[in-house]
Amino acid sequence: MNLYEHTIVARQDVSPTQLKQIEEKYSKIVEKLEGSIVKLENWGLLNLSYIIKKNKKGNYIHFKLEANGKIISELEKNEKIDKNLLRYLTVKVKKFDLEADYFKKSDEKENFSK
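Going from the sequence shown to my numbering is simple: count from 1 and add 109.
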């Protein structure tokens with residue numbers, strides 16, 4: 110199995126329950142095809158670099174996956190037709206960085222370092 114980092118950007122007006130459903134939907138696809146999710150991170154609502162489909166912000170969900178190419182193609186096939194998603198990106202990596210939390214709020218980082 111290969112290691113992948115997969116990021117989904119959902120529309121800014123998606124409700125928290127819909128966001129949870131999106132996480133569960135794509136997690137189930139990975140597990141159904143015998144892949145595994147090493148880590149799932151919800152980065153929250155972040156500004157986009159440019160407007161995409163009339164959205165200035167997007168809800169980011171990041172998966173760290175152990176999967177094969179078949180699983181990735183199945184994920185991307187489902188994401189292409191999902192109206193709640195703006196973009197997705199899959200990157201193959203050699204190893205995961207499980208230590209750093211890049212999108213934690215600054216006050217959470219200060220509490221974590223103490």
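Ideal placement from N, C-alpha and C gives every residue a C-beta, glycine not left out.
So, is residue i buried or exposed, given that buried needs 16 or more other C-beta atoms within 10 angstroms?
i	result
LYS218	Confidence in LYS218 is poor, its pLDDT being 49 and thus under 50, which makes the residue's placement unreliable; the coordinate value appears in the next sentence. It is exposed - the Cβ of LYS218 has fewer than 16 other Cβ atoms within 10 Å.
GLY178	exposed
GLY153	exposed
LEU174	buried
LEU207	exposed
ASN156	exposed
ALA119	buried
ILE160	exposed
GLU133	exposed
Bridge partners for residue i per DSSP, in chain order?
i	result
SER145	GLU175
ALA119	ASN168, LEU194
GLU132	DSSP output for GLU132 lists no bridge partner at all.
THR199	HIS115
LEU155	GLY167
GLU150	HIS171
Give the C-beta separation of residue i and residue j to the nearest angstrom, bearing in mind that I take them to be a contact with Cβ-Cβ under 8 angstroms.
i	j	result
GLU185	TYR169	No, GLU185 and TYR169 are not in contact; Cβ-Cβ is about 17 angstroms, not under 8 angstroms.
*For the region 123–132 against the region 198–214, are there 3 or more C-beta pairs whose distance is under 8 angstroms?*
At 8 angstroms Cβ cutoff, the stretches do not touch.
*On the three-pair Cβ rule with 8 angstroms, is the region 136–154 touching the region 197–204?*
no
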